[in-house]
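*Asks:* Counting in our numbering, the sequence shown runs from 514 upward without gaps.
First the structure, then my questions, so here it is.
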Amino acid sequence: MLAALAVSSFLVGALIGATGVGGVLLIPAIMFFGGLGTHEAMATALFSFLFAGIVATASYQRYGTIDWRVTLPVVAGSFLSGYVGAYVGAYVPARGLNILLACLIIFSSLYSMLPARKGTGMAQRLSPRGNTALLFGIGLFTGFLCGMTGAGGGIISVPVMLLFSYAPLQCIATSQVLQMVISVSGSASNMSNGFISYSTVWWVTACELVGIAVGAHIAHRVPVSLLKRMVSGLCMAIGLFIAWRALG
C-alpha cells in the first residue's frame, strides 16, 4: 500500500507542477492507500500542499512566470477565507460538498473550452482596479471551497481564471502560490480539530515534491494552446471523477 501511495503522490505532484490542478486526486489516494477517513484525508492532503506550494512557487519564480500583480489579490482573498472554509467543512457532509465542487469544475472546464475571441474577455475589459477586485473575489471563493474540501486551490482557481480570460500559464503560476497560502490558512483549523495524519503526510509530501519538479519543467516546454487544452481536459476528468465518487 505504501508503494501505491508513493506512486500516486508522485503522479499528483507532476499534475500540480504541470497544470496547477490534480491535487484533489491526492485525497482519494490517501483514503484508499493510506486508510484514512474523508475528513482526515482532506486535511492531510491540504497540509502537504504547503510544502508542494513552496517548491512549485520557487520553480515558477525561477522561470519568471509569476505575475505578482495578478497573484497577490488572489492570495489575499484565499488567505482570509481558507480558515473559515476549513472550519465550516468540519461540520458539512462530504457528499453534498463534493457534488457542488464537481459541478463548478465541470462548468468552468466547459466554458474555458469555448473558442476565445481576442480582446473580449472580462480580464481585458476591466480597469486595473476592477481586475484587482475580480481576482480578490476569485481568491475568496477559491480559499473557502478549498478549505472545506482539502483541494489545493488550482482545481478551482485555474478554470475560473481561464473563464475570465487570464492567460493559461499565468493561471497555473498563480495556483502554485495559492496552494501554499490556502494550506497555511486551512490547516490552522484542521490542526485544532486533530484531522491531520502526520505519519502519512511526510511520506506523501516527499514523493509529491519530486513530481512537482518534473511537472514544472514540462509546463514551460509545451505550447500555450496545448497547455490550455490539457488543463481544461484534466479539470473535466477530475470533475466527473468527483461527481462519480459523490453519487456512487
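Just so you know, even glycine gets a beta-carbon here, dropped at the ideal spot from N, CA and C.
Keep in mind that this is a model prediction, so the values were computed, not measured.
Return the CA-CA distance between serine 561 and serine 696, expressed in angstroms with no decimal places.
*Replies:* Looking up residue 561 in the sequence shown gives position 48. Looking up residue 696 in the sequence shown gives position 183. Whole-angstrom Cα-Cα distance: 8 Å.
*Asks:* Do the CB positions of glycine 652 and cysteine 659 come within less than 7 Å of each other?
*Replies:* Indexing the sequence shown from 1 puts residue 652 at position 139. Indexing the sequence shown from 1 puts residue 659 at position 146. It is not a contact, given that the beta carbons lie outside the stated cut-off.
*Asks:* Exposed or buried, which one is valine 735 when buried takes at least 16 other CB atoms within 10 Å?
*Replies:* To locate residue 735, count along the sequence shown from 1; it is residue 222. By the neighbour-count rule (16 or more Cβ atoms within 10 Å), valine 735 is not buried but exposed.
*Asks:* Using alpha carbons as the reference points, say which of Ile668, Ala531, Ile669, Leu648 lies closest to isoleucine 725.
*Replies:* Here residue 725 corresponds to residue number 212 of the sequence shown, with the count starting at 1. Taking only the C-alpha atoms, the option nearest isoleucine 725 is Ala531.
*Asks:* If you measure between the beta carbons of valine 671 and glycine 577, is that distance less than 7 Å?
*Replies:* The count along the sequence shown starts at 1 and reaches residue 671 at position 158. The count along the sequence shown starts at 1 and reaches residue 577 at position 64. Contact flag unset, no.
*Asks:* Inspect the CB distances between the stretch 567-575 and the stretch 684-692 and report whether three or more fall short of 8 Å.
*Replies:* Yes, they touch.
*Asks:* Suppose the cutoff is 7 Å on Cβ atoms and the five residues either side in sequence are ignored; what does the same chain contact list for alanine 517 look like?
*Replies:* Taking the sequence shown and counting its residues from 1, the one referred to as residue 517 is at position 4. Contacts found: Phe546.
*Asks:* State yes or no: is the C-beta of threonine 655 within less than 7 Å of the C-beta of threonine 557?
*Replies:* Here residue 655 refers to the residue found at position 142 of the sequence shown. Here residue 557 refers to the residue found at position 44 of the sequence shown. Not in contact: threonine 655 and threonine 557 (Cβ atoms no closer than 7 Å).
*Asks:* What are the boundary residues of the alpha helix (DSSP H) that includes tyrosine 711?
*Replies:* Along the sequence shown, read from residue 1 onward, the residue named residue 711 stands at position 198. Counting along the chain, the alpha helix (DSSP H) containing tyrosine 711 begins and ends at 711-732.
*Asks:* Need the endpoints of the alpha helix (DSSP H) that alanine 646 sits in, please.
*Replies:* Mapped onto the sequence shown, residue 646 falls at position 133. 641-662 is the span of the alpha helix (DSSP H), which, as asked, contains alanine 646.
*Asks:* Is it true that the stretch 599-608 meets the stretch 699-716, where meeting means three or more beta-carbon pairs spaced less than 8 Å apart?
*Replies:* Yes, the stretch 599-608 touches the stretch 699-716.
*Asks:* For leucine 563, which of Ala729, Trp715, Arg638, Met749 has the nearest alpha-carbon?
*Replies:* Against the sequence shown, residue 563 aligns to sequence position 50. The candidate whose alpha carbon is nearest that of leucine 563 is Trp715.
*Asks:* Below 6 Å CB to CB, which residues in the same chain sit around serine 765 once its five sequence neighbours on both sides are set aside?
*Replies:* The requested residue 765 does not occur in the structure, where the chain is confined to residues 514 to 761.
*Asks:* Among Ala756, Ala750, Ala759, Arg758, which residue has its Cα nearest to the Cα of serine 622?
*Replies:* Numbered from 1 along the sequence shown, position 109 holds the residue referred to as residue 622. When each option's Cα is compared against that of serine 622, the closest is Ala750.
*Asks:* Quick check: the Cα distance between histidine 552 and alanine 603, rounded to an integer number of angstroms?
*Replies:* Working through the sequence shown from its first residue, we reach residue 552 at position 39. Working through the sequence shown from its first residue, we reach residue 603 at position 90. For histidine 552 and alanine 603, the distance between alpha carbons rounds to 7 Å.
*Asks:* So what's phenylalanine 754 in DSSP terms, helix, strand or just coil?
*Replies:* The residue given as residue 754 occupies position 241 in the sequence shown. Phenylalanine 754: helix per DSSP, three-state reduction.
*Asks:* Enumerate in chain order the residues of its own chain whose CB-to-CB distance from glycine 536 is below 8 Å, with the five nearest sequence positions on each side excluded.
*Replies:* Mapped onto the sequence shown, residue 536 falls at position 23. For glycine 536, where only same-chain residues beyond five positions count, the Cβ hits under 8 Å are Val525, Leu528, Ile529, Ala558, Phe562, Ala565, Ala664, Gly665, Gly666, Gly667, Ile668, Gln692.
*Asks:* Going by alpha carbons, who is nearest to leucine 753 out of Phe620, Lys741, Asn644, Leu648?
*Replies:* As a first step, residue 753 is located in the sequence shown; it is residue number 240 there, counting from the start. The option with the nearest alpha carbon to leucine 753 is Phe620.
*Asks:* Can you check whether the C-beta of serine 670 is within less than 7 Å of a C-beta belonging to chain B?
*Replies:* The structure shown has no chain B; it contains just one protein chain.
*Asks:* Got a sec, what are the start and stop residues for the alpha helix (DSSP H) phenylalanine 708 sits in?
*Replies:* Looking up residue 708 in the sequence shown gives position 195. Note, phenylalanine 708: premise wrong, no alpha helix (DSSP H); not H, not E.
*Asks:* Output the distance between the C-alpha atoms of isoleucine 567 and glycine 548, rounded to the nearest integer angstrom.
*Replies:* Locating residue 567 in the sequence shown gives position 54, counting from the first residue. Locating residue 548 in the sequence shown gives position 35, counting from the first residue. Straight-line Cα distance between these residues: approximately 27 Å.
*Asks:* Under 8 Å Cβ to Cβ from serine 700, same chain only, skipping five residues before and after it: list those, please.
*Replies:* Counted from its first residue, the sequence shown places residue 700 at position 187. Once the five neighbours on either side are set aside, the close Cβ partners of serine 700 are Ala556, Leu559, Phe560, Leu563, Ala599, Ile709.
*Asks:* From cysteine 684 to histidine 733, what does the alpha carbon distance come to, in whole angstroms?
*Replies:* The residue given as residue 684 occupies position 171 in the sequence shown. The residue given as residue 733 occupies position 220 in the sequence shown. Approximately 13 Å, taken between the alpha carbons.
*Asks:* How is the alpha helix (DSSP H) around alanine 565 delimited, first residue to last?
*Replies:* On the sequence shown, residue 565 is found 52 positions in, with the first residue counted as 1. That run of the alpha helix (DSSP H) goes 551-576.
*Asks:* Residues in its own chain within less than 6 Å of leucine 539 by CB, not counting five upstream and five downstream?
*Replies:* The count along the sequence shown starts at 1 and reaches residue 539 at position 26. Correct list, in chain order: Val525, Ala558.
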